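Below is one structure, written out as structure tokens; comments come after it.
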Amino acid sequence: VQQTYNWSPVENFISENVKVRVSDADRPSVQDVSNSAFRIRGRLLMNVPNGDEKWYVGTKHWIEWTTTGTIPIGKLEYSTNNGSTYNTVLETVANSGSYEWTIPDALGNCLKGRVSDTRYASEVNDATDGVFKVRGQLTLTAPVGALPEAWIVGSTQSVTWTKQGSIPTV
């Protein structure tokens, strides 16, 4: 007869070599132990960004995540192609749950963020649910439209601006 015990919540015993033993409470010699070891890992959940954000090159935004279990060091990454490949933001970051990120010149509509446990990156990671956007910025520096500025018909005037990010054409 199959018996079940729902171990909830699984305790914070991060390990490679976990085994479970069941025994008869009245006769401890009647017991069984897992045939081989299994692992217990922590869990990460990416909160911000999580989709639909629009961030601008050079601005600062907080990356935020939630941790369950013991994960001392994390890795932060971003993707410009909807998660096909990732670029490193920080190889190692103290697992504080947040990091202030200066947005790189990575213009696009299909960016994702990812946080992972540096010890078990392939097993313990989470990426944004949706995609976010990174845009360049343009700042018009002339004309500024302040009085007494006036342009005369037939004259030559310069329109100038600065840009943040690799905006190819204006």
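So the sequence shown is numbered by our numbering: it starts at 369 and just counts up by one. Note that CB positions come from ideal geometry on N, CA and C, so glycine has one too. Given the structure is predicted, the values throughout are model-derived calculations rather than measurements.
C-alpha gap between residue i and residue j, whole angstroms
i: Lys501; j: Pro472; result: 12 Å
i: Pro377; j: Thr435; result: 15 Å
i: Asp494; j: Leu413; result: 5 Å
i: Arg409; j: Thr438; result: 8 Å
i: Pro334; j: Thr537; result: The structure shown does not extend to residue 334, since the chain is modelled only from 369 to 538, so the question has no answer here.
i: Val492; j: Val483; result: 9 Å
i: Ser397; j: Val388; result: 15 Å
i: Asn374; j: Asn380; result: 16 Å
i: Ala393; j: Asp420; result: 54 Å
i: Gly451; j: Gly533; result: 22 Å
i: Ser464; j: Thr372; result: 36 Å
i: Pro511; j: Thr528; result: 7 Å
i: Met466; j: Gln525; result: Sequence inspection shows Ser at residue 466; the Met mentioned does not correspond to that position. Between Ser466 and Gln525, the C-alpha separation is close to 47 Å.
Secondary structure of residue i, DSSP reduced to three states
i: Asn385; result: strand
i: Arg486; result: For the record, residue 486 in the displayed sequence is Thr; it is not Arg. The answer is coil: DSSP assigns Thr486 none of H, G, I, E or B.
i: Gln525; result: coil
i: Val425; result: coil
i: Ile408; result: strand
i: Val416; result: strand
i: Glu379; result: coil
i: Val538; result: coil
i: Ala518; result: coil
i: Gly481; result: strand
i: Ile439; result: coil
i: Glu491; result: coil
Given residue i as reference, the closest of the options once Cα atoms are compared
i: Lys531; options: Thr507, Ala514 and Ser523; result: Thr507
i: Thr448; options: Thr486, Asp485, Val499 and Ile431; result: Val499
i: Leu444; options: Asp394, Val390, Val457 and Ile535; result: Val457
i: Tyr424; options: Val521, Pro511 and Arg503; result: Arg503
i: Gln370; options: Glu384, Thr509, Gly476 and Val390; result: Val390
i: Asn415; options: Ile431, Asn403 and Thr372; result: Ile431
i: Thr453; options: Ala510, Ala405 and Lys480; result: Lys480
i: Asn385; options: Asp400, Arg395, Ser404 and Gln399; result: Ser404
Limits of the beta strand (DSSP E) - the one that residue i falls within
i: Thr434; result: Lys428 to Thr436
i: Ser466; result: Ser466 to Thr470
i: Tyr454; result: Counting along the chain, Tyr454 falls outside any beta strand (DSSP E), and DSSP gives it neither H nor E.
i: Gln371; result: First-last for Gln371: undefined, no H or E at that position.
i: Thr507; result: Gln505 to Ala510
i: Asp473; result: Careful: Asp473 lies outside any beta strand (DSSP E) and carries neither H nor E.
i: Val499; result: Note, Val499: premise wrong, no beta strand (DSSP E); not H, not E.
i: Val398; result: Premise fails: Val398 is in no beta strand (DSSP E) and is neither H nor E.
i: Gly513; result: Element bounds for Gly513: n/a, residue is neither H nor E.
Heavy atom of the ligand ZN within 6 Å of residue i beta-carbon
i: Val369; result: The ligand content of the structure shown is nil, which means the ligand ZN is not present either.
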